[in-house]
Amino acid sequence: YLIGRLLFHHIKLRKMVLGIGVTLNLIPLLFFKYFTFFLEQLGQTPTAEIHLPLGISFFTFQAISYLVDVYREQTPAERNLINLGLYIALFPQLIAGPIVRFRSINKQLAERLHSKAQFIEGIERLIFGLSKKLLIANPLGFVADQIYALPSSQIDGSLAWMAAISYTMQIYFDFSAYSDMAIGLANMFGFKIPENFNYPYMAQSIQEFWRRWHISLSRWFRDYLYIPLGGNRLGDKRTYFNLLVVFTLCGFWHGASWSFVIWGLYHGLFLILERLGLTHVLLTTPRLFRHAYALLVVIFGWVFFRVESIGDALAIQGRMLFTSQPENVLYSLHYFVSPQFYLALFFGLLLSTSVFKRWSMVSIDQQSNAQLLGRNIWIIALLLLNFVVISASTYNPFIYFRF
């Protein structure tokens, strides 16, 4: 709050004040999230375990975006301390996003607009998100966890593919479920916060994937890092360098591990390849081939993201590519899958497409009484099914709570 007010009033010292503000926001994030990692790289053993505060990566980025926007005069400095505190600590999306810009919500903080339709749609979105987590993400994640818990030497090609596909579906439905629930809760309280996903697995390139996946984070890195570094305005070599910097830091933002860094570099390299001419080659191919290309690149990338050891990740990817059969495989694919898994996979694949997009975008004000009745029955049935699943389940947190 104070840094924002100083940025607004002290014109000559604004750049220095901004630097101080950004640094003060980054210090807690660097300490809680990366201090142990840096100690380990120096060969030191931490004397105490440092626990990561929930949502620190998200509310730190929100605070930085506010300061930079005030500095750029894209938003005025907030005079009301309570409103600014509410923006930073708005509970629906505090823990795992979406990352909200102050300029997109400041007017709502001062004067929210409530309606019965918005409240009901918020409840529906909340239940839909909960269903994605419990009915799709968790069953698929259970299979992925079981397979990845095996030594990499015991994972053959079929298990490697099943684990990778399961995790690909799990992380999308787990993360988008939280975003759905956050958007739904915000609607119930009179806030409109931005969408965070737009069917990313329908992308036809890695560039398009990042326009559809974790949209608020992609835009944050674009506006507050990529463009300030020069974007694509300073020639091809500088553009490639900027992409590598951005995606290395994007990977590191997800966690203090070299696996996340490799995952970020992996995506950065494919973005560079597409700029070098791969995009032009892809445009000469059928749309189905472009979909397959993007999806396969993403699936292979998730192996780096999920498997803690880079060596194990490479070994598993090798099995996926060459489908070699290790000598000491103890479990077959049938050991891990169940009817519940196949059902979750079917609906996961279906909902990864935009087949239900038109239905979800129709407001309740635009539907007939018969349509509303059917919609309500469907939502209540989902809620009851969620209660049944919760009663028979153990605690299974959202993946992005770790970040």
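Here our numbering is used: the first residue of the sequence shown is 9, the next is one more, and so on. For glycine and all other residues, C-beta sits at the position ideal for the given N, C-alpha and C.
Proximity to residue i [Cα-Cα], best of the options
i, options, result
"GLN348", "VAL76, PHE255 and PHE150", "PHE150"
"PHE16", "PHE66, GLN82 and TRP228", "GLN82"
"GLY259", "LEU252, VAL269 and LEU251", "VAL269"
"THR31", "THR53, PHE69 and LEU281", "PHE69"
"TYR74", "PHE66, ARG109, ASN88 and ILE64", "ARG109"
"SER166", "TYR42, LEU233 and GLY326", "GLY326"
"ASN394", "TRP266, PHE354, SER317 and ALA145", "ALA145"
"ALA185", "THR176, MET177, LYS141 and GLY192", "LYS141"
"SER267", "GLY319, MET196 and THR287", "GLY319"
"LYS41", "THR55, LEU50, ILE28 and GLY63", "GLY63"
"PRO236", "SER399, ARG87, GLY285 and ASN250", "ASN250"
"LEU252", "ILE387, ASP231, TYR274 and TRP261", "TYR274"
"MET210", "SER317, VAL396 and SER362", "SER362"
"ALA352", "GLN178, HIS122 and ASN384", "GLN178"
"ILE128", "ILE387, VAL25, ASP77 and VAL76", "ILE387"
"LEU303", "VAL76, ALA172 and VAL315", "ALA172"
"MET170", "TYR343, GLY276, LEU391 and ALA400", "TYR343"
"SER265", "ILE96, GLU48 and VAL305", "GLU48"
"ALA400", "PHE364, VAL305, ASN384 and LEU143", "LEU143"
"GLY200", "GLY130, LEU257 and PHE46", "Note that residue 200 is Lys in the sequence shown here, rather than Gly. The candidate whose alpha carbon is nearest that of LYS200 is GLY130."
"SER317", "ALA157, ASN33 and ILE385", "ALA157"
"GLN212", "VAL305, ILE35, VAL315 and ARG133", "VAL305"
"SER360", "ASP182, PRO61 and SER123", "ASP182"
C-alpha gap between residue i and residue j, whole angstroms
i, j, result
"ALA271", "VAL345", "Reading the sequence as shown, one finds Trp at residue 271 and not Ala. Approximately 27 Å between the Cα atoms of the pair."
"ARG295", "PRO208", "15 Å"
"PRO202", "HIS59", "29 Å"
"LEU92", "THR44", "31 Å"
"ILE155", "ASN240", "41 Å"
"GLY309", "ILE11", "39 Å"
"TYR175", "LEU148", "7 Å"
"GLU163", "PHE312", "Glu is not the amino acid found at residue 163; the sequence shown has Ile there. Going by the C-alpha atoms only, they are around 15 Å apart."
"TRP218", "PHE354", "24 Å"
"ALA118", "ALA323", "54 Å"
"LEU225", "PRO54", "31 Å"
"ILE112", "ILE307", "Contrary to the premise, residue 112 reads as Ser rather than Ile in this sequence. For SER112 and ILE307, the distance between alpha carbons rounds to 33 Å."
"LEU50", "PRO159", "28 Å"
"TYR180", "ILE19", "44 Å"
"ARG283", "PHE229", "19 Å"
"TYR234", "ALA71", "18 Å"
"HIS288", "ARG298", "11 Å"
"LEU381", "ALA104", "33 Å"
"THR292", "SER65", "40 Å"
"HIS106", "SER161", "A small correction: the amino acid at residue 106 is Pro; His does not occupy that position in the sequence shown. Taking the straight line joining both Cα atoms gives about 38 Å."
"ALA321", "ASP244", "31 Å"
"ALA300", "ALA389", "35 Å"
"GLU57", "TRP221", "32 Å"
"PHE99", "ALA378", "35 Å"
"ASN114", "ARG87", "11 Å"
"VAL254", "TYR79", "22 Å"
"VAL76", "SER139", "37 Å"
"ALA152", "ALA168", "9 Å"
"LEU290", "TYR248", "20 Å"
"ASP231", "TRP261", "16 Å"
"ILE96", "LEU391", "30 Å"
"ASN33", "PHE330", "46 Å"
"ILE135", "ASN206", "19 Å"
"GLU132", "PHE364", "14 Å"
"LEU358", "LYS124", "30 Å"
"VAL397", "ARG383", "21 Å"
"MET24", "ILE35", "17 Å"
"LEU26", "GLY263", "26 Å"
"VAL315", "ARG227", "27 Å"
"GLY29", "MET328", "46 Å"
Integer-rounded CB distance, given that residue j should sit under 8 Å from residue i
i, j, result
"PHE67", "LEU102", "6 Å"
"LEU279", "ILE214", "6 Å"
"ARG13", "ALA85", "5 Å"
"GLN126", "ASN195", "5 Å"
"GLY192", "LEU121", "No, GLY192 and LEU121 are not in contact; Cβ-Cβ is about 16 Å, not under 8 Å."
"GLY238", "MET189", "That belief does not hold up - the Cβ atoms of GLY238 and MET189 are roughly 38 Å apart, past 8 Å."
"LEU94", "TYR9", "Rounded, the Cβ-Cβ distance is 12 Å, inconsistent with contact."
"GLY285", "THR256", "Not quite, the Cβ-Cβ distance comes to about 23 Å (not below 8 Å), so this is no contact."
Could you name each continuous alpha helix (DSSP H) segment of 4 residues or more that falls completely within the segment 246–276, going from the start of the chain to the end? none
Within the segment 57–97, ranges of the alpha helix (DSSP H) (whole runs, at least 4 residues): 64–79 and 89–97
Going residue by residue through the segment 295–352, where are the continuous alpha helix (DSSP H) segments of at least 4 residues, counting only ones entirely within it? 295–314 and 318–330
Only counting runs of 3 or more residues, tell me where the beta strand (DSSP E) segments fall wholly within the segment 104–164, in order along the chain. none
Mind listing, in chain order, the continuous alpha helix (DSSP H) runs of no fewer than 4 residues lying wholly within the segment 163–199? 165–196
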